[in-house]
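The structure appears below as structure tokens.
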Amino acid sequence: MMGTKMRIKPTVLLGYLVPTVLLAFLPMAGFPRAWTLYVFLFAIYLAMANMWNLLAGYSGLVSLCQPAFLGIAGYAMVIGTWLGIPWGIGLLGGAVIAGVFALLLSNAVFRLTGVYFSIGTLVVPEALRMVFYLWRPVGGALQGGGSGYMVKGAAALLPPSYIYWMALLVGVGSMIIMRIVLRSNLGLGLAAIRDNERSAAACGVDVFRLKVYTFVISATITGLAGGIYFLNMGYIEPSATFNVKWTMAILLATVIGGIRTEEGPFFGSLVTVFLYFLLARYSGYSLLIQGVILIVIMLLSPQGIVGMLRKMRWYRNLTAYSEG
Amino acid sequence: MQTEPLLKIQNIEVFHGTFQAIWGLSLEVRRGEACALIGANTAGKSTLLDTINGVLHPATGSIEFMGQEISKLDSFEIVDLGITQVPEGRRLFPEMTVLENLMMGSYTPNARKHCKENLERVFELFPKVKDRQKQLAKTMSGGEQQMVAIGRGLMAHPQLIMIDELSLGLAPIIVDEIFKTIHKIKAQGVTVLFVEQNVAKTLMEADRAYIIETGKVSLSGTATELRNDKNIRKAYFGV
Amino acid sequence: MGHGDLVTPILMGVMLGGLYALTALGLSMVFGVMRVINLAHGDLVVLASYGSYAVLTILGIDPVVGLIITIPIMFAIGVLIQKYLMSKAVTIGAEAPLIIAFGLSLVIQNTNQIMWTPLSRGINTSYSQASFYLFHRQLPMTYLMDLIVGIVVMLALREFLKRTYMGRAIDATAQDPRASRLMGVNTKRIYYYAFGIAMVSAAIAGTFLGMTFPFTPTSGTTFLTIAFGTVIIGGLGSMMGTFLGGIILGLVQTLSAYFLGANAQMLVLYIVIIAILAFRPQGLFGR
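In order, the protein sequence lines correspond to chains A, B and C.
Residue numbers for the first sequence follow this note's numbering, beginning at 1 and rising by one.
Residue numbers for the second sequence follow this note's numbering, beginning at 325 and rising by one.
Residue numbers for the third sequence follow this note's numbering, beginning at 564 and rising by one.
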């Protein structure tokens, strides 16, 4: 049973690429900057939500560790700019470092069953926040405290549209990756593990290894998206980076759309970024509102938007077609 | 003996999710008798006991206990009414002592009223249990655990005690000993419904029996009738 | 940070252990009975800290006496959470309780922040600054109270679980929910009470934590981590283990503050917890 259905139907592939190309023209066509920002954030959230969905939705690993990955990659990229490393290498290098970090963590966290895993992963961003608060690998001590870094050098002068296009790539790339993974042997193995870990192991599924693969993939892509985000921001500092707000946004994006569905993160990210703009004025209340939404959706409509869409026949037909 | 059966089940259907486990089953248990349910592992016997006990609920049909409809009641209400189950595998509380397990059996309001007298009764029926009352349940042998489990069931002050797979994993001598005690319990007025795979033994100890196959009653009658039934003899005794 | 006197941090670490064990009790109980790790536990403890703070600053009542008010409120909150959130969550799927607890955690954090600002607070009573002497060292009175309260509550809980019908039902349900139901235990209601009792211990823990350390709306993560670490080290299901786990973490904290400075103590704590997770997740005394 070699990688079944790894080929994507041409029409479906177009379905991914055409909107992406259209969106790519956004910054040049004279649309308001807010639209570009919206699509930018949407793409970043989309990538991160897909990766979290892979972990939590498809592998049963509710990871609260995502800020660690995006933060490490971000810091790697920014510190790289201080060391004269080209931003492109910094970006990819950061993603790789995030992946390696996940690999190292794997031994610690995968001994743990689901619940232990979650708390274990909760602690990691916290620890990293303290580490980066205390540790200044490059540059002298900042006057007046704080431990952030500005993006330096050529990276700081990048045209925003380049960064925008990179975000689009990562966003659509994550959708394609999800499509491939879910239909591959890895995806099957994960489904088996999620259903019943012991049975899966008894059937010869190398549970530990699959979990590690998923964890590393998730960390790497999340790191990549994070690096692009901070490239855009031009600045990184610990308390906003290793912050549970990221986790909340990613969770919400996945859950609102529909956890454990392929299209879920897409719809969820649309809504979450919209919420972000809506709640910008109420930043003091944003976590409260998001938390309530998360709880309500989880209780009333666990399958999120996709759950509601699937009740309609036209949607079912559409998705059945794209399955091929 | 009253003419009205103690437990009357009529035409129940029970589902596990979408999977149907019991199909239009009817049976009755008469007061003061030892009634047996015989069948293979997957026949639905444990599901049936759970349904009587209120852990599961039938989708259709009725269950009457002492004239009262109980099919919609929750388990803790049914135990209080006087039905108790000694589950398959004993399921003693492993970190509790024998005595603590017994006392846990006397939890419902009805049971608490008779706690002391029931404890004495259990000790009298199972002297070994009395000897080991301070021991941790998980350190006991299989046979001793079964005795404690039955004793725990009696502490609930039941009218009907249901025992699931009593002989499982036990040596025949122990099984005989336990059945002797069950007859004593029966003599004291508690009705016994027990579930077994061991057909020969069961038909010697029960008054009446039902054969359950794939969620339905396939045969029923007094133990003598069933012992002499040609189909039974062929299927289970190979004669 | 004198390098001569090791005795003081050791004594303080041990006393702190009592408080940490107390903080872990609620988490341990909810997991033992309902098999759910309540991610919002730390924030609920902080909620109780703010509650006691309010009792002191708004009502002018001593926070320990004020437990008369905070305990019933926290009990009710616990029952409501179990009844309307957690019991529904477990029917939805394995991830649902975690996600919902996460949402709840942030709702509480944000609510605390709205009501009390991100400013750091502390519960300061007339005796907060008092000290006592042991082995010729001056030690904070609050730490002694922490130890005593920790021991008292744990003993009380143990007696409750052994001697009362409700307590035994909770213990039985934790060991075997199905068998419990067959004994006539209303397991649904037991879950409510278990969560409620867990919140009672959280109320006490929060009050004394607030008297020992300053806290902010985001302290919940720290408290959760400490509670979790305590439970992990001690192994689930062992009260003695939880107590010892608390002492070990308390010692780790005070000793690393002593050797490495105040900034490092939380980081070292976190690293130790992650290390234990990596190498011995069943803890030292688990069953």
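Built from N, CA and C at the ideal position, the CB exists for glycine as well.
It should be emphasised that the depicted structure is a prediction, and the values quoted were computed from it without experimental measurement.
Taking Cβ positions, are G641 of chain C and M746 of chain C nearer each other than 8 angstroms?
-> Position 78 of the third sequence, counted from the first residue, corresponds to residue 641 of chain C. Position 183 of the third sequence, counted from the first residue, corresponds to residue 746 of chain C. No, Cβ-Cβ distance for G641 of chain C and M746 of chain C is not below 8 angstroms.
Going by alpha carbons, who is nearest to A838 of chain C out of A:G15, A:N107, A:F132?
-> Here residue 838 of chain C is taken as the residue at index 275 of the third sequence, counted from 1. Of the candidates A:G15, A:N107, A:F132, the one whose C-alpha sits nearest the C-alpha of A838 of chain C is A:N107.
Could one say the Cβ of G798 of chain C lies closer than 8 angstroms to chain A's Cβ atoms, at least one of them?
-> As a working mapping, residue 798 of chain C is identified with position 235 in the third sequence. With its beta carbon at least 8 angstroms from every one in chain A, G798 of chain C lies outside the interface.
So, using beta-carbon positions, are E126 of chain A and Y833 of chain C closer together than 8 angstroms?
-> As a working note, residue 126 of chain A is residue 126 in the first sequence. As a working note, residue 833 of chain C is residue 270 in the third sequence. If you check the CB distance, E126 of chain A and Y833 of chain C come in under 8 angstroms.
Classify A360 of chain B as helix, strand or coil using the three-state DSSP reduction.
-> Numbered from 1 along the second sequence, position 36 holds the residue referred to as residue 360 of chain B. Here A360 of chain B carries a strand assignment [DSSP, helix/strand/coil].
Closest to I546 of chain C by CA distance: which of C:V608, C:T781, C:T620, C:P703 is it?
-> Absent from the model: residue 546 of chain C. The displayed extent of chain C is 564 to 850, so no value can be given.
Is there a Cβ from chain C that is less than 8 angstroms from the Cβ of M178 of chain A?
-> For the purposes of this step, residue 178 of chain A is taken as the residue at position 178 of the first sequence. Chain C contact via Cβ: absent.
Does the separation of the CB atoms of D625 of chain C and T688 of chain C fall below 8 angstroms?
-> Position 62 of the third sequence holds residue 625 of chain C. Position 125 of the third sequence holds residue 688 of chain C. Yes; because the gap between Cβ atoms is below 8 angstroms, this pair is in contact.
Taking P238 of chain A as the query, report the chain C residues whose CB atoms sit under 8 angstroms from its CB, ordered along the chain.
-> Taking the first residue of the first sequence as position 1, residue 238 of chain A is located at position 238. Within 8 angstroms Cβ-Cβ: nothing; P238 of chain A doesn't reach chain C, min ~12 angstroms.
Going by C-alpha distance, which of A:L37, A:G153, A:Y133 is nearest G84 of chain A?
-> If you number the first sequence from 1, residue 84 of chain A lands on position 84. Answer by Cα proximity: A:G153.
Going by beta carbon distance, what residues of the same chain come within less than 6 angstroms of A659 of chain C, once the five residues before and after it are set aside?
-> As a position in the third sequence, residue 659 of chain C is number 96, starting the count at 1. Hits under 6 angstroms: A652.
So which residues on chain B does R741 of chain C lean against when the C-beta distance must stay under 8 angstroms?
-> In the third sequence, counting from the first residue as 1, residue 741 of chain C sits at position 178. Result: V379, P411, R415.
Residue-chain proximity (L840 of chain C, chain A), Cβ-Cβ < 8 angstroms = Mapped onto the third sequence, residue 840 of chain C falls at position 277. Look at L840 of chain C: its C-beta is under 8 angstroms from a C-beta on chain A.
In chain C, which residues lie less than 7 angstroms from F428 of chain B when you measure between Cβ atoms?
-> By 1-based counting over the second sequence, the position of residue 428 of chain B is 104. The sequence given here has Met at residue 428 of chain B, not Phe. Within chain C, the residues near M428 of chain B are R731, A735, M746.
Coil, strand or helix - E388 of chain B by DSSP | Your numbering for residue 388 of chain B matches position 64 in the second sequence. The answer is strand: DSSP assigns E388 of chain B an E or B state.
If you draw a straight line from the alpha carbon of R316 of chain A to that of G257 of chain A, how long is it in whole angstroms?
-> Here residue 316 of chain A refers to the residue found at position 316 when the first sequence is read from its first residue. Here residue 257 of chain A refers to the residue found at position 257 when the first sequence is read from its first residue. Spanning the two alpha carbons is a distance of roughly 16 angstroms.
Could you say which of C:A790, C:P740, C:N673 lies nearest to K245 of chain A if we only look at CA atoms?
-> Looking up residue 245 of chain A in the first sequence gives position 245. If we check each option's Cα against that of K245 of chain A, C:N673 comes out closest.
Name the residue from B:E419, B:Q409, B:N365 whose alpha carbon lies nearest to the alpha carbon of D734 of chain C.
-> If you number the third sequence from 1, residue 734 of chain C lands on position 171. Ranked by Cα distance from D734 of chain C, the options B:E419, B:Q409, B:N365 are led by B:E419.
Kindly indicate if chain A contains any beta-carbon less than 8 angstroms away from that of V670 of chain C.
-> Position 107 of the third sequence, counted from the start, is the residue given in the question as residue 670 of chain C. It does; some Cβ of chain A falls within 8 angstroms.
Measure the alpha-carbon distance for N442 of chain B versus R436 of chain B and round it to whole angstroms.
-> Numbered from its first residue, the second sequence carries residue 442 of chain B at position 118. Numbered from its first residue, the second sequence carries residue 436 of chain B at position 112. Inter-residue distance for N442 of chain B and R436 of chain B is about 9 angstroms (C-alpha atoms, whole angstroms).
Contacts that L288 of chain A makes with chain C (C-beta to C-beta distance below 8 angstroms) | Taking the first sequence and counting its residues from 1, one reaches residue 288 of chain A at position 288. Contact annotation for L288 of chain A against chain C: L669, V670, N673, T674, I677 [CB-CB distance below 8 angstroms, chain order].
Given a cut-off of 8 angstroms, decide if V715 of chain C and L588 of chain C are closer than it, judged by their beta-carbon atoms.
-> Within the third sequence, the letter at position 25 stands for residue 588 of chain C. Within the third sequence, the letter at position 152 stands for residue 715 of chain C. Here L588 of chain C is not near V715 of chain C, since their CB atoms are 8 angstroms or more apart.
Use the C-beta contact count for V403 of chain B: other C-beta atoms within 10 angstroms, 16 or more gives buried, fewer gives exposed.
-> The count along the second sequence starts at 1 and reaches residue 403 of chain B at position 79. Classification for V403 of chain B: buried.
Could you give the DSSP three-state label for N335 of chain B: helix, strand or coil?
-> For the purposes of this step, residue 335 of chain B is taken as the residue at position 11 of the second sequence. It is a strand residue.
From this set, B:L527, B:V410, B:L484, which residue's C-alpha is nearest M471 of chain B's C-alpha?
-> As a first step, residue 471 of chain B is located in the second sequence; it is residue number 147 there, counting from the start. From the listed residues B:L527, B:V410, B:L484, the smallest Cα separation to M471 of chain B is found for B:V410.
Please specify which runs of the beta strand (DSSP E), each continuous and at least 3 residues long, are wholly inside the region 684 to 768 of chain C, giving them in chain order.
-> List check, beta strand (DSSP E) in window: 694 to 697, 700 to 703.
Residue nearest to S239 of chain A in terms of C-alpha spacing, selected from A:F132, A:Y45, A:N232 = In the first sequence, the residue the question calls residue 239 of chain A occupies position 239. Nearest option by C-alpha distance: A:F132.
Residues bridged to F518 of chain B by DSSP?
-> Locating residue 518 of chain B in the second sequence gives position 194, counting from the first residue. F518 of chain B is bridged by DSSP to B:A360, B:I487.
So, is the C-beta of Q738 of chain C closer than 8 angstroms to a C-beta in chain B?
-> Stepping through the third sequence from its first residue, residue 738 of chain C is reached at position 175. Yes, contact with chain B.
Is it right to say D374 of chain B is buried, meaning 16 or more other beta carbons lie within 10 angstroms of its own, or is it exposed?
-> Along the second sequence, read from residue 1 onward, the residue named residue 374 of chain B stands at position 50. Buried, by the Cβ-count rule.
Using beta-carbon positions only, say whether M794 of chain C and L590 of chain C come within less than 8 angstroms of one another.
-> For this step, residue 794 of chain C is matched to residue 231 along the third sequence. For this step, residue 590 of chain C is matched to residue 27 along the third sequence. The sequence shown places Val at residue 794 of chain C, rather than the Met named in the question. Between V794 of chain C and L590 of chain C, the C-beta gap is smaller than 8 angstroms, which places the two residues in contact.
Hey, L182 of chain A and Y58 of chain A are a contact pair by Cβ (cut 8 angstroms); roughly how many whole angstroms apart?
-> Start at 1 with the first residue of the first sequence, and residue 182 of chain A comes out as number 182. Start at 1 with the first residue of the first sequence, and residue 58 of chain A comes out as number 58. Sure, about 7 angstroms apart at Cβ, within 8 angstroms.
Can you list the residues of chain C that P418 of chain B reaches, using a CB-CB cut of under 7 angstroms?
-> For this step, residue 418 of chain B is matched to residue 94 along the second sequence. Within 7 angstroms of the CB of P418 of chain B, the CB atoms of chain C belong to Q738, in sequence order along the chain.
Which ranges would you report for the alpha helix (DSSP H) in the region 437 to 462 of chain B if only whole runs of at least 4 residues count?
-> DSSP runs (the alpha helix (DSSP H)) wholly in the region 437 to 462 of chain B: 439 to 449, 451 to 455.
Assigned secondary structure, G545 of chain B (DSSP; H/G/I helix, E/B strand, else coil) = Position 221 of the second sequence holds residue 545 of chain B. The answer is strand: DSSP assigns G545 of chain B an E or B state.
For K9 of chain A, which of helix, strand or coil comes out of DSSP?
-> Within the first sequence, the letter at position 9 stands for residue 9 of chain A. Here K9 of chain A carries a coil assignment [DSSP, helix/strand/coil].
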